[in-house]
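What follows is a single structure, written as structure tokens, with notes after it.
Numbering (the numbering used here), first residue to last: 21 to 200.
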């Protein structure tokens with residue numbers, strides 16, 4: 021049985037490698053690759069992302085989102101060319117109800133609306149929205165466990181939102197680079 025599984029996984033890997041090789045022939049290029057395709061540099065998109073400054077986002081969840089965005093943008097101490105402004109909204113909804121009418125599960129839904137503008141000031145270059153949903157169980161008589169579960173869910177939300185926002189920014193920068 022193990023031989024059948026290993027040959028199946030090998031054939032899947034071979035099919036994936038062949039598909040990627042064919043995609044390269046039709047103009048597919050990784051979004052973070054350099055323009056010449058030599059692999060020698062970070063590329064225009066990565067440089068544009070690194071030159072994007074994230075404005076302050078209020079509240080604790082906003083701080084988590086800003087931290088996740090900065091980590092993905094790979095901001096440097098150099099001069100920023102663009103500023104990313106984010107408005108964050110989070111709603112909480114109790115899902116499960118116990119016999120004593122307390123919640124047993126909480127769902128968090130987050131919406132992050134963002135605007136990218138040139139520095140020092142200027143008209144917005146692009147705007148967008150990102151959505152994320154997560155949930156956690158509320159343990160009975162274990163306040164700290166519920167608190168830690170809630171904080172972990174908030175961190176996961178921030179990571180998902182940051183990943184989506186950076187992907188949207190990278191797509192914007194790629195379209196902009198292709199147009200120029």
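Don't be surprised by glycine CBs; every beta carbon is placed ideally from N, CA and C.
Keep in mind that this is a model prediction, so the values were computed, not measured.
* Helix, strand or coil: which one does DSSP assign to residue 90? -> helix
* **Endpoints, the alpha helix (DSSP H) within which residue 154 is located** => Where residue 154 is concerned, there is no enclosing alpha helix (DSSP H), although the beta strand (DSSP E) it sits in stretches over 146-157.
* Measure the alpha-carbon distance for residue 77 versus residue 116 and round it to whole angstroms. => 31 Å
* When we look at the beta-carbon of residue 156 and count the other beta-carbons within 10 Å, is it buried (16 or more) or exposed? -> buried
* Asked: Taking the alpha carbon of residue 66 as the point to measure from, which residue in 196, 190, 198, 199 has its own alpha carbon closest?
  -> 190
* **Cα-Cα separation between residue 94 and residue 140, rounded to whole angstroms** => 20 Å
* **For residue 124 and residue 163, the rounded distance between their alpha carbons** => 12 Å
* Return the Cβ separation of residue 132 and residue 149 in integer angstroms, given the expectation that the two are a contact with Cβ distance under 8 Å. => 7 Å
* **Separation of residue 146 from residue 195, as counted between CA atoms** => 12 Å
* **Those residues which DSSP pairs with residue 104 across a bridge** => 74, 136
* residue 154, buried or exposed, once every other Cβ within 10 Å from all chains shown has been counted against 16 -> buried
* **Chain-order list of residues whose beta-carbon lies under 7 Å from that of residue 169 (same chain, five-residue window excluded)** => 156, 157
* **Exposed unless 16 or more other CB atoms sit within 10 angstroms - verdict on residue 198** => exposed
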